[in-house]
Every structure is written in C-alpha cells, then in structure tokens.
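Just below is one structure, and these are the notes that go with it.
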Amino acid sequence: LSFIYFKTMVFTRFVEVGRVVVINFGPDAGKIATIIDIVDGKRVLIDGPQSVTGIHRQVIGVRRISLTDIVVAKLPRNSTQKNLLKAWTEQNTLATWEATAWAKKTKAKAARANTSDFDRFKIMVAKKQKSKIISDKLAQLA
Amino acid sequence: MSRQMKLYQVVGRKAPTPTDENPEAYRMKLFAPNEMMAKSRFWYFMHQMRKMKKTTGEILDVNEIYEKNNRYVKNFGFWIKYNSRSGTHNMYREYRDVTLNNAVNTLYNDMAGRHRSRNKSIQIIKSATVASKDCKRPGTMGIHNNKLKFPLPHRIMRPASKQVRSLYNANRPSTHYN
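Protein chains in written order, with the numbering used here: chain W, 20 to 161; chain P, 886 to 1063.
This is the structure we're talking about:
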C-alpha cells in the first residue's frame, strides 16, 4: 500500500480486538463494550468489562454494534476479565468515552426523556429567561 | 428458527441372554434435536455396524454433552457424508464458533444453503475442535490473524427497538459512518 493511500484512508473505525463499541440493538442497547475476539466476518466476541459497563462476555452480530473511535491499545486476543479491566483502568477508557460528544448526547437525550412535567416547566421558564437576556442585549446594541 | 441440534452420548448393548450375560456396550456420540431422536439414530447406525437392533438390544444411557467452555472462539471441523441428488459424497467443512452445537447448526444450514441438502441426507462422521495451524479452509484461516482489522463499509442503521422506529424520516439515510 502506498503512502498516498494511507493518507486518504476512507475508513477510520475498524472491527479489531480492543475496539470499544456501542450496542445499538437488543436488550443491552446503549451500553458500551470492548471487542475481545473476532468470530468471523459477521460476529464478534465482546466483553464489558462486566463490572464497568454491565455487558457479559458474549458473541454478538456486527449489525448490533456501532464502532466508536476509542480503541483499548495493546489488548491481546481473547483477554480475561481481569486483564481487560486492568487495561480499561490504566487507559481511562470510560473517561475517554464519557468525554466524547456521542456519550454526552446520549446522556442528554436520556435525561430529557426522563423529565417530569415540573422539570419541563422549569426548562420552559429557564428558556424564557435566557431568550429575554439575549433580546435585551440585542435591543441595547441596536 | 430451525431445530437446534444437540450433542448426545448414547450407550447401548445387545440385550443380555442366558448364553451372553454381559454383552459389550457401545457408546456413540451423535447430534440430534432431542433424546428420542438420538436413541433412534443410535439404532440406525448400530445395526449397520454391529448385529444389534432396537428389538434385540437395550439403551443403557443417553446424556447430553454440553460445551466445556463457551467463552472463547474455536475452529470446528466436521467430516461428513451427504447425499446429493446424484450420489453420495464425503466432505470436510470448517466453522468458527463458540460452541460445538452452534457450529453444527451452522453446518446443517450451510449445507442446505450451498448444496440443497436436507438434514436427513447428512451424516456427521466426525466432529472436532481444530487447532488454528491445522485448519484447511481459507474462510476460517482468514480470521486467524492476531492483528486482524476490517471496517464496516456499508452500514444500515435500524431503530433500537420497535418503539422508537418512525414511519417517516426528515433525512435520507447515510450508509457511511466511519
């Protein structure tokens, strides 16, 4: 492969050992896990680690996962829970994930879905206050 | 969903007679959807190979054999004999999976898809876990790379559940996510 080809690599997210994925279908939808082995072109073996994300070691179809940009570096194939957890804590993978815009948007969406009527009222009032400040400032500048 | 094959161990022998108090017992491991069919297949094979049949013999035990460790991926090799429309052939096929039962089900489905063979036309002579260095098929050997990585070029997104799907979308879907 020439140097030029690498410079213009179209794909940046790969199915590989150590790749952090978000499960997008099924009972565990929304949770993250790590690919620890590849079964074949359509299935991968994933693991949470279970204590961090709640996902047990299982085979999952590649259609049910969404690849993220995060890779747990230097993870050997088929690593144990203990080694995976160690790699996660050493590399601060969870913190890296939660700092991403993706994770923040998911969290915000979940928070919004869980608002009570009173919360929605408070949000409406806050929005009105914010727009009043902006329009007052705008009037000042005019 | 097609019938799930399970691995059974069937032990049987000729019925004891006054002349032969303790006939030799034979053990057979075979794949069957349930115990009843496992016993039936046991007699089918046994009377081909030894002078005993269901009426002249007895089954001592039927046990399901479970996967010892389903937490890592293995290469399964199957030596099979199957009837095609014009003859009977031997085959060796390999599948990568986590349990033997899953691999056997894939085998049957694969044979049905590629060779139009029905379950009853396939006889599994031998099944074994094959070490990576002994694998023969390029399909399984291609996954044996420790640094294997591949992208997912054509992504078809679907809603996480029926509750969140929508009939109309504001935007046309994009299949490139990487």
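Positions of the beta carbon are idealized from the N, C-alpha and C atoms, including for glycine.
For the region 1004-1029 of chain P, which residues have a beta carbon sitting closer than 9 Å to at least one beta carbon of chain W? Gly1024, Thr1025, Gly1027 and Ile1028
Interface residues of the region 984-1005 of chain P facing chain W [CB-CB below 8 Å]: none
How many whole angstroms separate the CB atoms of W:Leu113 and W:Ser70, which I take to be in contact at a CB cut-off of 8 Å? Their Cβ separation, rounded to whole angstroms, is 11 Å, which puts W:Leu113 and W:Ser70 out of contact at 8 Å.
Within 10 angstroms of its Cβ, does P:Tyr980 collect 16 or more other Cβ (buried), or is it exposed? buried
What are the complete alpha helix (DSSP H) segments, minimum 4 residues, inside the region 61-146 of chain W? 69-72, 100-110, 112-117 and 120-132
Return helix, strand or coil for P:Val896, following the three-state DSSP convention. strand
With 7 Å set as the bound, which would you pick, yes or no: does the beta-carbon of P:Tyr957 sit closer than that to a beta-carbon of chain W? yes
Span separating the alpha-carbon of W:Ser21 from that of W:Gly37: Low confidence applies here, because W:Ser21 scores a pLDDT of 47, under 50, leaving its location unreliable and the question unanswered by this model.
Straight-line CA distance for W:Val41 to W:Val78? Their backbone Cα atoms lie some 14 Å apart in a straight line.
Rounded to the nearest angstrom, what separates P:Met886 and P:Arg999 at their Cα positions? Because P:Met886 sits at a pLDDT of 46, beneath the cut-off of 50, its placement in the model cannot be relied upon, and the point is left open.
Can you tell which of P:Ser1002, P:Val1015 and P:Asn994 has the C-alpha that lies nearest to the C-alpha of P:Gly972? P:Ser1002
For P:Asp946, the nearest candidate out of P:Ala1016, P:Asp995 and P:Val896 (CA to CA): P:Val896
I'd like to know if W:Glu109 contacts chain P, where contact means its C-beta is closer than 7 Å to some C-beta of that chain. no
If you measure from the beta carbon of W:Phe137 to each beta carbon in chain P, is any gap under 7 Å? no
Own chain residues within Cβ distance below 7 Å of W:Pro68, not counting five before or after: Gln100, Leu103, Leu104 and Trp107
Is the distance from the Cβ of W:Ile10 to the Cβ of W:Ala52 below 7 Å? Limits of chain W in this structure are 20 at one end and 161 at the other, which puts residue 10 of chain W out of reach.
For W:Ala162, does the count of other Cβ atoms within 10 angstroms reach 16, so buried, or fall short, so exposed? Lying before the first or after the last residue shown, residue 162 of chain W is absent from chain W, which here runs from 20 to 161.
Under the three-state DSSP convention, the category P:Pro1044 falls into: coil
Looking only at its chain, what residues have a beta carbon closer than 8 Å to the beta carbon of W:Trp121, apart from the 5 residues adjacent to it on each side? Val41 and Thr87
W:Ile152 to W:Asp138, Cα distance in whole Å? 21 Å
Same chain only: Cβ atoms within 8 Å of W:Val58, ignoring 5 sequence neighbours per side: Result list for W:Val58: Leu64 and Val78, in chain order.
List, in order along the chain, the chain W residues whose C-beta lies closer than 7 Å to that of P:Asn1054? Result: empty, since nearest Cβ-Cβ is about 17 Å, beyond 7 Å.
Establish whether the CB of W:Arg76 and some CB of chain P are separated by less than 7 Å. yes
Below-7 Å beta-carbon distance, P:Asn1031 vs any chain W residue: yes
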